[in-house]
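Peer 1:
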Amino acid sequence: MFESFNSILKVKSQVDAAVTLKLLRARNLPLVVTFLYREFKENEQITIRYQHLIQKLGDFLEEIEYGDDDEEIKSGKLILDFDEKAKLYIDRWIESNYLRNVMDDTSKEPLVLLSKHVEKVFQVFELLKEKEFVGTESKFRDVFHKLRDIVQNANPDKEKRLEELEKQKQAIDEEIRKIKIGGFVPIYEDYQVKSRYEDVNRLANELIGDFKEVEDNFKEITRRIYERQQQVNLSKGQLLAETFDALYELRATDQGKSFYAFWQFMLDDAGQADFQKLTKEVYQVLEDRGIEVASRSLRKLKTLLHLAARKVLEKNGILADKLSREIIAKDQLESRKTRELMAAIRSLAIKRLDRPLESEVCLSLETNPEIYFPLERKLGEKPEINTFSVNAQGASLNMEDIGELSKLFNADLIDKQTLLANIQELLLERSQISLKEVIEIKGITKGLSELLAYVTLINVSSKFFMSETVREVICFDHQLHKYLELPQIIFSN
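36 is the number of the first residue of the sequence shown in the numbering used here; add one for each residue after it.
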């Protein structure tokens, strides 16, 4: 009885805290769902400019002559026009976590995107839709194939795997034989094609919403690190260790592994080409058979998935960038405090310049001071031959030192997108290229800072890697003949 009561409390707590359920209970739910679905889903948009979204909502309110009194929007004015109402609505939806606002790094304009809570509400409405038929056959086959896939790919037994592959081979050979002899090719009926298409379309929409979960995880990591940064006695080493531990923890989770495996597929040119080809062929089948479907968003699925996934990776990049800024700011703060302390000491010294000594001299000796200079050698004195028990080793730069050197330059002055474009342009003509070759071909104009910016691009793709054995000496200032030795960095397709 106690356990059941405890479960009820847990459910009640979740109901009270869940933003998705709060939206489903909202009085203006029809307005929220109708407008946001039209602007983001039907128009296939991931982000919309804040001012543009307000304008679109104002036009929509005027178009439907929306006049419902809503307690969620409060204003000191008795009468509001549609544009004023639209701004209050958008701000309220952002505050309620229905929408999220971010700053565009390029245009410096605020952008608005759907939150994961609105995505889940859309999925609820999809489940509530009355369907012409329920594709039980296709769903059962999907369950059957997934069960077989789990059993086959989770079993480490080689003999069992070979046995299963032989069965599949025999089945394929038998199907080929029947087609060659009888000329009959079994094909899906229209209802089978339609049910499978609807399942794929539903999964695609859910997939786009799933990316917002991963993005929110990155956001949570950022917030946790910022909280730790406020601790005065936290060293840079501890801060860096905690940051990388958190990022590694995210990658090591089931969700993180799944996302990065998907991103590797998105980077595979052959896989993308196959996906595009299959999508075109599916729509050709629908057109040839005259099958009408409610949504054709599958055409732009690759683009939408790529944009959604890029936002997740950008969140990771923003985390690293802001972290480096915070560390530099911490150093600058410590330097500022040191300068303030030195200035205070100088100020006290200046004030005492014109004052007499507070106490008289206590002891006076009439003699010459004995001064000893360790490096002084008198004329005619035999020079000493110094012997050293330890020989100095040649200095070199490791990848771990790049983070320290990055403090020497202002990252805002380096356009990493331009540097990445230089690499991608050269990779059009060859399968791989080293950082030294990129510098020799494209040149370098901003010295060490630009070279270090190139080095940080190794985190952009898993196909960019560092050699563990080969080292290169790269010139970053031809006029002053300045060089940097570091492990060879390879960029590849």
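Just so you know, even glycine gets a beta-carbon here, dropped at the ideal spot from N, CA and C.
Within 10 angstroms of the Cβ of residue 58, are there 16 or more other Cβ atoms? Answer buried if so, exposed if not.
Peer 2: buried
Peer 1: Per DSSP, residue 342 is paired with what?
Peer 2: Beta-bridge pairing links residue 342 to no other residue.
Peer 1: Between the alpha carbons of residue 473 and residue 484, how many angstroms are there, rounded?
Peer 2: 15 Å
Peer 1: Which residue marks the beginning of the alpha helix (DSSP H) containing residue 79, and which one marks its end?
Peer 2: Unbroken run through residue 79: none, as it is neither H nor E.
Peer 1: With distances taken Cα to Cα, identify the nearest neighbour of residue 496 among 206, 526, 336, 309.
Peer 2: Per the Cα distances, 526.
Peer 1: How would you label residue 142, buried or exposed, when you count the other beta carbons within 10 angstroms and need 16 or more for buried?
Peer 2: exposed
Peer 1: As a quick exercise: from 463, 386, 53, pick the residue whose alpha carbon is nearest that of residue 131.
Peer 2: 53
Peer 1: Residue 193 to residue 200, Cα distance in whole Å?
Peer 2: 11 Å
Peer 1: Alpha carbon to alpha carbon, what distance is there between residue 46 and residue 175?
Peer 2: Using only the alpha carbons, I get a separation of about 31 Å.
Peer 1: With a cut-off of 8 Å, do at least 3 Cβ pairs link the region 302-313 to the region 212-221?
Peer 2: no
Peer 1: According to the Cβ coordinates, are residue 241 and residue 158 closer than 8 Å?
Peer 2: yes
Peer 1: What are the complete alpha helix (DSSP H) segments, minimum 4 residues, inside the region 158-223?
Peer 2: 171-189, 193-217
Peer 1: Report the option in 121, 68, 528, 469 whose CA atom is closest to the CA atom of residue 156.
Peer 2: Selection 121, 68, 528, 469 evaluated against residue 156 yields 68 as nearest (Cα-Cα).
Peer 1: Taking the CB atoms as reference points, tell me whether residue 92 and residue 125 lie closer together than 8 Å.
Peer 2: yes
Peer 1: Hey, could you find the ends of the beta strand (DSSP E) residue 504 is sitting in?
Peer 2: 499-512
Peer 1: So residue 517 is in the beta strand (DSSP E); what residue range does that whole segment cover?
Peer 2: Residue 517 -> beta strand (DSSP E) spans 517-527.
Peer 1: I believe residue 507 touches residue 521 by the beta-carbon criterion, under 8 Å. Please report the beta-carbon distance rounded to the nearest angstrom.
Peer 2: Residue 507 to residue 521, Cβ: 7 Å. Contact.
Peer 1: If contacts are defined as beta-carbon pairs under 8 Å, then residue 337 and residue 307 qualify, I think. What distance do you get, rounded to the angstrom?
Peer 2: Confirmed, Cβ separation roughly 7 Å.
Peer 1: Just verifying my parser: in three-state terms, what is the DSSP assignment at residue 49?
Peer 2: helix
Peer 1: With DSSP run on the structure shown, which of helix, strand or coil describes residue 136?
Peer 2: strand
Peer 1: Among residues of its own chain, excluding the 5 on either side of residue 146, which ones have a beta-carbon nearer than 8 Å to its beta-carbon?
Peer 2: Closer than 8 Å at the Cβ level, and outside the excluded window around residue 146, lie 82, 83, 84, 85, 136, 137, 138, 139.
Peer 1: Enumerate in chain order the residues of its own chain whose CB-to-CB distance from residue 62 is below 6 Å, with the five nearest sequence positions on each side excluded.
Peer 2: If you ignore the 5 residues before and after residue 62, its C-beta comes within less than 6 Å of no other C-beta in its own chain.
Peer 1: On the DSSP letters alone, give me the boundaries of the beta strand (DSSP E) that residue 404 sits inside.
Peer 2: Segment: none, residue 404 is in no beta strand (DSSP E) and carries neither H nor E.
Peer 1: Could you work out which residue in 517, 513, 486 is closest to residue 524 when comparing CA atoms only?
Peer 2: The residue from 517, 513, 486 with its alpha-carbon nearest to that of residue 524 is 486.
Peer 1: How far does the beta strand (DSSP E) with residue 495 in it reach, from first residue to last?
Peer 2: Note, residue 495: premise wrong, no beta strand (DSSP E); not H, not E.
Peer 1: Do you know offhand how far residue 293's Cα is from residue 344's?
Peer 2: 12 Å
Peer 1: If you run the structure through DSSP and keep just helix, strand and coil, what is residue 420?
Peer 2: coil
Peer 1: Figure out for me which residue from 89, 229, 420 has the closest Cα to the Cα of residue 529.
Peer 2: Absent from the structure is residue 529, since the part of the chain shown begins at 36 and ends at 528.
Peer 1: My guess is that residue 466 and residue 528 are in contact by the Cβ rule of under 8 Å, so how many angstroms apart are they, rounded?
Peer 2: 6 Å
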